[in-house]
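A.B. asks: Everything in the sequence shown is counted per the working numbering, starting at 81 for the first residue and increasing by one.
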Amino acid sequence: MQKSFDGSFEKLLEKLLEQKYISEENYQDVRTGFQQYVREEQLRMDTEKKKREEEKARKIQKSVKPIKEKKKHTPEQLRERNLGVMLYLGVFLLLLGGLFVATSNWESMQGWMKAGVIILVSFLFFGFGFLTKEMIKIQKTAFAFFVLGGLFLPIVFISISYFHLAGFYLSFIGEGRYLLGVIAGILLIPIYLYLSLYLHSKLFKVLTILTLTGTIGFMLSFLHVNMDVFFLSMIIYHFLLLLLLLKGGNHKWVLYFTKELPTIIQTQLLFITIFMLFIYDQILLNGFQYILLSALFFMSVALTKQKNTHFIITLTITLGIYRLFSNELVRDMLPIAFAALSIVVIWFTYFLKGRVVWGKIWDTTSLVLAIGTFLYSIVFYVDRLLYGSFYLVIAYILLSLQFLILTKKLSSRFISILPAIFLSLSLWHISLLFNLVSDIHSLFMVLYAIHFLLLMVIGVLYTNQYVQSIKLPSAFYLFAWISMITILAGTIFLGKWYIPLLIIGITMSLLYGYRFTVKEDVRNFLHFTIPASIACFFVSLVESVPFIHEEGIFLSLALAGIFTTVSVSIYRKISLQMTKLAYLIGHVIYILAMVGTFTSFVEYNNWISTTIFLVGIFMLLTFYKKQKQLWIVWLVGVGSTLSYLSLILTIWDQGDYIFTILLRYGWIGIFCLSIYLSKTVFKYPFLTLSHCYLIISILVSWFIDGTVPYTVFLFSLLAYIITSVIVPHVKWKLFFQYGSFLWTFFFLARVIPFHLAGGNSFALAFISTSILLFLLYVGTKRKHIVYFYIPFSFLGISYWLFAWPYSVYTYLIITCYIFLFLFVINISRIHLAAIIAVCFILFNNQLWIHHGDFLPFDSYLLHGAWGLLFWFISSISYPSFFSWKKDKWVDVYILGSFLSIASLYTISTPFAWDSIFPGVLLAIVLFVQRNRVEHHYRWLPTLLSLLLLLQPYYDWLNILSIPTLINTEMYVLPWIPLLLLLKKWIANHERMFKIAEWSIVVCIAIVLAIDGWNSHTIDDAILLGSLAVISIIGGFYFRLKSYFFTGIGVLLLNVILQTMPLWGNFPWWVYLLIAGSLLIVMASVYEMKKQGKRIKLVSSIYLWIVDKIKQLKSWR
């Protein structure tokens, strides 16, 4: 009621606006105020409704189920569980080792020996179970052992039958195999009964009953009764067993089993079913048996009131239906049977009503069955999808009815779509049966007609109670289908006669939806889509005209844009907002036509292209007058430029001189027009377009003709100077000033052809322009010049670096250019840019060495000299390595020094010391830097310099001849004094030093141990042991844990490595037996401690260890 009133009020407002009773401003104010009032009124009603519901809820007291807290294990329970794990692992290792010993010759053992081993394993499990239960008192572990032993017993009888130990008659393939099952059951029943009483176990109770059932089943099978007698006998047995358990409550042992009645009933039924499946194989009878079994499960649910076996009911009845319809005569009706079953299952909810609360179980089951039916039809009837099937038509109709019912029970958008899906599938099969699909066009039309027809049916039956629950999701789904079909067909076959009909169908659907939609967001969406669909209709309609189709799609777009713009008056009867959007869409389509015409300009008729652009200017101007938006002004400028280009291309040939002049200098007219329109909004668009035109024309002339007249650069320079004056914004002034600098460079490069010092016109133009910029900066002190000078000089120096031929003069010019660059950087205080100059110097040096045919020693001297020069410049330029305060800098000169000195490693000279000198020099330079960093970072240069000294030390070792015995020690032991020096200089970083100390000492120990193992001589063993003893004594004396424990570890490892041949003689299963025994002993000791029994030896060892740990805590 409220929603319809809102819609009528808005329509009334729109009529008042259309008939000029109120202005547009008043319309917007009243409409906004009314919407605000509706929202506040709705909020007030929702708040009152919520209050009433809360008050009603307080009056009705509902039973609240207590929240089931997560079970928390006590420390004692966790401890018992861990002990059980230890015991399991120990037993597993023992069994693995024992089984290896017992079965190492398994293939050569006789059958009775193999069966004996299995019996032994079973008795072993029982023995461990009694030991764990009676002595160690771990109940859960004992139960696990009994279960394993109990489950091994049937395997014993299987092995007897498999290995023919009782003769061929009682073997797997003998006539008396079922008799062996009877004998096994008679022997197992008392064992399982005893274990159920001894352990009070639910599992063994069920196993006892199942063994009894299996014994009776084997007995009936041995007597070779037919299926009916077998089934009747098992039902009688099951009935008598239930009667005994229900009516024999006076006997204690019967009551003992009655507690597990629900589990016994369910497992009994499942066991009987498995028996019948494996013994008898008759399709039709099996189907009825499955259905009958499902009825028995229903009875068990009624008896036990436990509904968690509902999936077994579903499984058995489904298998029954499948078996009944597996016959060749009725196999095609299987989808219909499954679809009907999915409907029948829904009514299972009403079975046992009042005794069992099913909830949503059968509704969900019906959903699963229906989806399974659909998947079955897809997988096994995929060929019918192309030829049609009457059976699938009926099945899909039944499935649509089933999901239509489910929409009332299960609230899901997915389920709401399914009726429409299956109805569309049934209509598809009907169309195939009547041969309505013959080609791709008929395919599109049939698919469109199916979904459009269903959409119209939903619209006609809009008020039906079942359609109400699926109307929106199904409508969206069907509309998505017809939209997708229309888009696909329109994309492939645009111009065909039926495409406008498809689009007009979409438009009708949208208009119908707009009529009944009251949601604001949906109406806003339709305000856009309805005009868009009508615009697409105009495009397809125009494109279907043959002579227009021949001219191309963009002419059709242009005409459709005009038609859409002209026809906006028809929307005023629907919505004012739709009218505005239709006007916008019409112009957007025309803009797309202009863009498309420009992209395919060469392939188009020139007069048509010119007409499209000229009409586009008129349309854009009228559009700007209506909308007053700045982006339209830019489009007017673009359209004017394209119109100019199209006009000169239409009137003159491309080879004419006047065409070349008009094309090259056309930007001047646009530039003058921007100056003429300087007091209008068209100033900046035309100004920007003129500059873009200028750049594009220069690039085109360069790539086509290979040259550009110098007058173009002169005019460009004047244009950029004028532009930098007339634009008011500072950023744009800078932009055009930078542009004038660039045009100065190009002008110089064009008019002054230098050929000096390996350079060319561009190389000398770079230097000339850089000098002019330097003088301009010195004269004006404007820092924005530097911001252009730095990247420009970067390009200039880069260009010079690749000049050819390269000579000493080129090297000197580049070096002077770089020093000029550094001078500008220093006076402008842009210190971070110095890294560019340093990189250029290093690269320039490499080029000079490459082109100058330097000797290795000359290259060595050049890099060393530049390294020392960079170090000198660094020491006089910056007081510290970096600064982030007022003047930000990073000392890149010291980085250049490092790189220059480090490059000495790459040069090989005749001298042996050439690899030692760079490391020493780098260490000195780095050590000096410790006074140029902050106090708390001074340890870092110290650490790095010491590490660098290791390189010349190792090179010195390579020069000398060192005995093999101490070679590894000479390489790794210098790290020890390095650690001692660092400990003195890094006193404030004790924690970090401890980590480094442990890491280095352990690594040294590992390297020495590996060296001792590889050499495997007594001298290495004595040397390694001596070093380990020295480490232990030193660590003990100075109370250092790293040296002490590492020494002990190395000493023990040395002993183990030297005695390794003795350990390798043990077989691997001995280790399994040792490990398993240790785990069992540990578990037993902990259990004895839990029971309060004291073990003096263990207590003494434990106290001694605790005392030593306290002493070690005082060490460093």
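Even glycine gets a Cβ: it sits at the ideal position worked out from N, Cα and C.
1. Tell me which same chain residues have a C-beta within less than 7 Å of the C-beta of Tyr818, skipping the five on either side of it?
2. Taking only three categories from DSSP, how would you classify Asp736?
3. Flag this pair as yes or no: are the beta carbons of Phe225 and Phe205 separated by less than 8 Å?
4. Spatial neighbours of Glu94 within its chain, please: C-beta separation below 6 Å, excluding the five flanking residues on both sides.
5. Using 10 angstroms around the beta-carbon of Val144, count the other beta-carbons present and answer buried if the total reaches 16, otherwise exposed.
6. Our contact map puts Pro1207 next to Ala475 with C-beta atoms below 8 Å; I'd like the distance itself, whole angstroms only.
7. So, helix, strand or coil for Ala842, using DSSP?
8. Going straight from the alpha carbon of Thr740 to that of Thr730, what length do you get?
9. Here's the rule I'm using: 16 or more other beta-carbon atoms within 10 Å means buried, otherwise exposed. How should His667 be labelled?
10. Work out the CA separation of Gly641 and Phe89 for me, nearest whole Å.
11. Exposed or buried, which one is Val866 when buried takes at least 16 other CB atoms within 10 Å?
12. My guess is that Thr1126 and Ser1111 are in contact by the Cβ rule of under 8 Å, so how many angstroms apart are they, rounded?
13. Short of 7 Å in beta carbon distance, which residues of its chain neighbour Leu856, apart from the five on each side in sequence? Order them along the chain.
14. For the segment 945 to 954 against the segment 904 to 912, do three or more pairs of beta-carbon atoms, one drawn from each stretch, fall closer than 8 Å, so that the two count as touching?
15. Comparing alpha-carbon positions, which option in Ile1113, Phe1124, Ile1086, Ser1122 lies nearest Leu1133?
16. Under 8 Å, do Leu922 and Leu975 count as touching if we go by C-beta distance?
17. If you count every other CB in all the chains shown that lies within 10 Å of the CB of Arg744, and 16 or more means buried, which is it?
18. Which residue marks the beginning of the alpha helix (DSSP H) containing Leu984, and which one marks its end?
19. Per the contact definition of three or more C-beta pairs closer than 8 Å, is the segment 719 to 728 in contact with the segment 691 to 702?
20. Which of helix, strand or coil does DSSP assign to Arg595?
21. Per DSSP, what kind of secondary structure is Ile1128 in: helix, strand or coil?
22. Compute the beta-carbon to beta-carbon distance between Ile894 and Leu881, rounded to the nearest angstrom, for a pair I have assumed lies under 8 Å.
23. Quick one: Cα of Leu96 to Cα of Leu639, how far?
24. My understanding is that Ser995 touches Tyr985, with C-beta atoms under 8 Å, so please give their C-beta distance in whole angstroms.
25. Here's the rule I'm using: 16 or more other beta-carbon atoms within 10 Å means buried, otherwise exposed. How should Arg124 be labelled?
26. In the structure shown, what three-state DSSP assignment does Gly256 receive?
27. Relative to the alpha-carbon of Pro553, which residue among Ser469, Glu600, Leu534 has its alpha-carbon at the smallest distance?
28. Using 8 Å for Cβ pairs, my map puts Leu277 next to Gly230. What's the rounded Cβ distance?
29. Between which two residues does the alpha helix (DSSP H) holding Met699 run?
30. Quick one: is Thr760 buried, meaning 16 or more other Cβ sit within 10 Å of its Cβ, or exposed?
31. Compare the beta carbon distance of Ser624 and Trp577 with 8 Å and say whether it is the shorter of the two.
32. Thinking C-beta only, is His943 closer than 8 Å to Ser983?
33. Looking at the unbroken alpha helix (DSSP H) that takes in Ala906, where does it start and where does it end?
34. DSSP three-state call for Trp951: helix, strand or coil?
35. Near Gly570, what residues of its chain come up, given a Cβ to Cβ distance below 6 Å and the 5 sequence neighbours on each side ignored?
36. So what does DSSP say about Asp443, is it helix, strand or coil?
C.D. replies: Let me spell this out:
1. Phe868
2. coil
3. yes
4. Leu656
5. Note on Val144: pLDDT 44, under 50, position unreliable in the model; no value is reported.
6. Outside the shown range of the chain (81 to 1196) lies residue 1207, about which nothing can therefore be said.
7. The displayed chain sequence assigns Phe, not Ala, to residue 842. In the structure shown, Phe842 sits in a helix (DSSP, three-state: H, G or I).
8. 13 Å
9. buried
10. 33 Å
11. buried
12. 6 Å
13. Ile865
14. no
15. Ile1086
16. no
17. buried
18. Where Leu984 is concerned, there is no enclosing alpha helix (DSSP H), given that its DSSP letter is neither H nor E.
19. yes
20. helix
21. helix
22. 6 Å
23. 33 Å
24. 7 Å
25. exposed
26. coil
27. Leu534
28. That pair is no contact at about 13 Å.
29. 686 to 707
30. exposed
31. yes
32. yes
33. Per the sequence presented here, residue 906 reads as Asn, with Ala not at that position. Run containing Asn906: 888 to 908, per the alpha helix (DSSP H) assignment.
34. helix
35. Ile579
36. helix
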